[in-house]
Structures are given as structure tokens and as C-alpha cells.
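Following UniProt numbering, the numbering of the sequence shown begins with 748 at its first residue and continues without gaps.
Shown next, in C-alpha cells, is the structure this report addresses.
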Amino acid sequence: QSKSLGKNMFHFHSPELTLQAQRRVEVERELRLALDAGEIEAFFQPVIDLDTQKIVGAEALARWRKSDGTLVSPMDFIPVAEQTNLITDIDFSILSQACHQAKSWDEDGWGRLRISCNISARHFQRGNLPREVQRVLEASKLSPEQLTLEVTETVYMENIDQVRGILESIDEMGVSSALDDFGTGYSSLSYVRSLSFDVLKIDKSFVKNLPEASALALIRAMLGIAISLEITPLAEGIETPEQLLLLRSLGCRLGQGYLFSPPVTAAQFVELLKKQNAE
Ligand code: C2E
Ligand code: MG
Ligand code: MG
Ligand code: MG
């Protein structure tokens, strides 16, 4: 009797919704524990000068390394984190790891590599971001010129003036800013211009379809926008030599992609630098 009553009540609250909410709370709790245990690790994908094909920097990308050794993709935990304040702590942890890493690569003689970190739109809208970044720079002693913060187009959908203010403070600190996933979101060109980004990252969904004529036309247009606004273009997701050749011939100076390397651990990144030096 009581069992069937329980079932009915559960049903009344809609099983899917309840399960979904429960799952989210669970992932959130696991994620908090993971962060405290140091399981959220920065991987690094080389940024390549397409003319010289040398590594000039790296993008830091979050990975969740579970205690059993499995690696969880950011696609599986960043969206959950973005629904809570956890995203702020994750961004901050990756930023801090990346800045310390770049400083130690410099001290080890690998030169002043540029490091790029993703900042969630949610985190970006918090007024104290510039102060937090300042603190990380001080703690790591990294030169601000070596740091770029990446944000996606959703960042300016709300409160454009606050976003502009934050970008200006960051710029005054000597830190660069990049517009990530350009072309996939809410691309108001007047915003792109007024927010004075330093780097424009052409989304990999466009690069993927090269050398298809329509992709070629879109990329040519995007490069034209970047060049005329004096923003350095960077192509994401370069996978083939043909894509590399096309992008170079269209005037794109920087790129990332599996053709060069996937995101790797800090130790593996040093191996890439060694290999490049040996060549
Ligand atoms: P994103 O910032 O646009 O990063 C580029 C993604 O493209 C990365 O996926 C990278 O591994 C992948 N990629 C690089 N080269 C290639 C290629 O040649 N082909 C293909 N198909 N993919 C390539 P990843 O590492 O899974 O990260 C996914 C997204 O998660 C990132 O997209 C970023 O939006 C977010 N993310 C990662 N780390 C952080 C973080 O610390 N904070 C925040 N807020 N978001 C992060
Ligand atoms: Mg990015
Ligand atoms: Mg991107
Ligand atoms: Mg992307």
C-alpha cells in the first residue's frame, strides 16, 4: 500500500525532471570535490605561427582527471559548472595553473610563450575579474603581455557596458583578449569592433569544411573583417595540410589544430618544444 503511494507521488513530480535535477546536483558535488582534490588539470594545445610553423604559445584547456585515471572532456563538465558558481573556480584554477606553467617554461629557457585561457561568459560578467587576474599575475610573476583571455560571443549578450569596462581594465593591465568561436554566435560586428579584441578565433566548424567553396568564402570574409579591424585572426581546428595552405594563402597568421597537436599535458608540451628545437 505505502509502496504504491510512493510510486504515485514520484510520478506526480515528473520522473525525468527529478532525475535530471538529481543528476545535476550529483555532478556538481563530484565536481566540487574534484576541484578541491586538484583533479581539474590544464592541458595545453600549441598555437602555431602558420608561416614559420613554430609554436608561439598555447591554449590552456581544462580536463578532469579522475582518481581512476579516466579523463573527462570539458564538454561534459563545463556546462554543468556554468549553471553554478563552480565555473568561476574552474576558470581561476586553469588560469593559475597556466600562468605558473608559462612562467616556469620561460625560466627553463623555452622563451616567453603566450598563454591563452578560456573565461566563461558567466565569470566574465563579474566585476572583480580584472582584480583576480591581477592577483594570478602577481602570484605567478608572469608578464601580462604573455596572457590572453578568451571569451565567446555570448559574453556581450547581456550588459555590454560592463563587459566593455572589464575588457578595458584587462587591456590597461597589458593582458590581451580574444573572441573565441567567432561566427557561431551572436556576431554583431559593431560589438566586435567596439570591444577592441586583440585576437579573433575563427571557429573550427568553418575550417573543418575547407576547401569547400562556401567555407572558403566565409573564412575569406571573416579574415577580411579581422584584418580591416586590425584584430589578429587565428584559425581553430586545422586538421589537414590543405587547410593549412589555404589559410596561409588567405593571410591567416596563427592557427591551432590536430595537424600540429591535440591538447596535451604540460610534460608532453615540453616534448613538443624539444622536438621543434631539434629540427
Ligand atoms: P574552445 O575554447 O573553442 O577550444 C577548442 C576546442 O577544439 C578544444 O576542445 C580542442 O581540443 C578542440 N580542438 C583543437 N584542435 C582541434 C582539431 O583540429 N579538430 C577538432 N575537431 N577539435 C579540435 P576541448 O578541449 O574539448 O574544449 C571544449 C570547450 O570547452 C572549449 O572550446 C571551451 O569553450 C571549453 N573549455 C575548456 N577549458 C575551459 C576552461 O578552463 N574554462 C572555460 N570556461 N571553458 C573551457
Ligand atoms: Mg578557447
Ligand atoms: Mg574556440
Ligand atoms: Mg570552438
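Glycine is no exception: its CB is placed at the ideal position from the N, C-alpha and C atoms.
The structure presented is a predicted model; accordingly, all values stated were derived computationally and were not measured.
Checking the sheet assignment: what are the DSSP bridge partners for residue 799?
Residue 799 pairs with nothing; no bridge assigned.
(Q) With a threshold of 8 Å (Cβ to nearest heavy atom), would residue 805 be considered close to ligand 5? (A) Absence of ligand 5 is noted for the structure shown, with ligand 1, ligand 2, ligand 3 and ligand 4 being the only ligands found.
Q. In terms of residues, what are the limits of the beta strand (DSSP E) holding residue 1011?
A. No beta strand (DSSP E) holds residue 1011; DSSP gives it neither H nor E.
Review point. Residue 789: which of 771, 875, 956, 818 sits nearest, CA to CA?
Key: 818
Can you look up residue 999 in the DSSP assignment and give me helix, strand or coil?
coil
- Query: Nearest to residue 805 by CA position, among 900, 994, 989, 983, is which residue?
  - Reply: 983
task: Could you name each continuous beta strand (DSSP E) segment of 3 residues or more that falls completely within the segment 929-1011, going from the start of the chain to the end?
output: 946-949, 979-982
Inset, instruction - May I ask you to verify whether the segment 998-1012 touches the segment 963-983, counting CB pairs closer than 8 Å and requiring at least 3? - result: yes
Under the three-state DSSP convention, the category residue 922 falls into: coil
* To do: Within the same chain, show all residues whose beta-carbon is closer than 6 Å to that of residue 1016, passing over the 5 residues directly before and after it, in chain order.
  => 791
_Suppose you measure from the CA of residue 860 to the CA of residue 775; what does that come to, to the nearest Å?_
34 Å
Requested in this report: Decide yes or no for the touch test of the segment 874-888 against the segment 823-834: beta carbon pairs closer than 8 Å, at least 3 of them.
Outcome: no
Exercise. List the residues that DSSP assigns as beta-bridge partners of residue 789.
Key: 809
Sufficient close CB pairs (3 or more, under 8 Å) joining the segment 842-852 to the segment 880-889: yes
**Prompt:** Exposed or buried, which one is residue 1025 when buried takes at least 16 other CB atoms within 10 Å?
**Reply:** exposed
- Task: Determine the contact status of residue 993 and residue 969, defining contact as a CB-CB distance below 9 Å.
- Result: no
Original post:
Is residue 897 helix, strand or coil by DSSP?
Top reply: strand
**Message:** Beta-carbon distances below 5 Å to any heavy atom of ligand 2 define the shell here; list its residues in chain order, please.
**Reply:** 865, 897, 927
Expressed to the nearest angstrom, what Euclidean distance is found between the alpha-carbon atoms of residue 927 and residue 794? 14 Å
- Task: Note down, in chain order, each residue of its chain lying with its Cβ closer than 6 Å to the Cβ of residue 751, except the 5 sequence neighbours on either side.
- Result: Note that residue 751 has pLDDT 46, beneath the 50 cutoff, so the model's placement of it is unreliable and no number is given.
Requested in this report: List the DSSP bridge partners of residue 917.
Outcome: Per DSSP, none; premise fails for residue 917.
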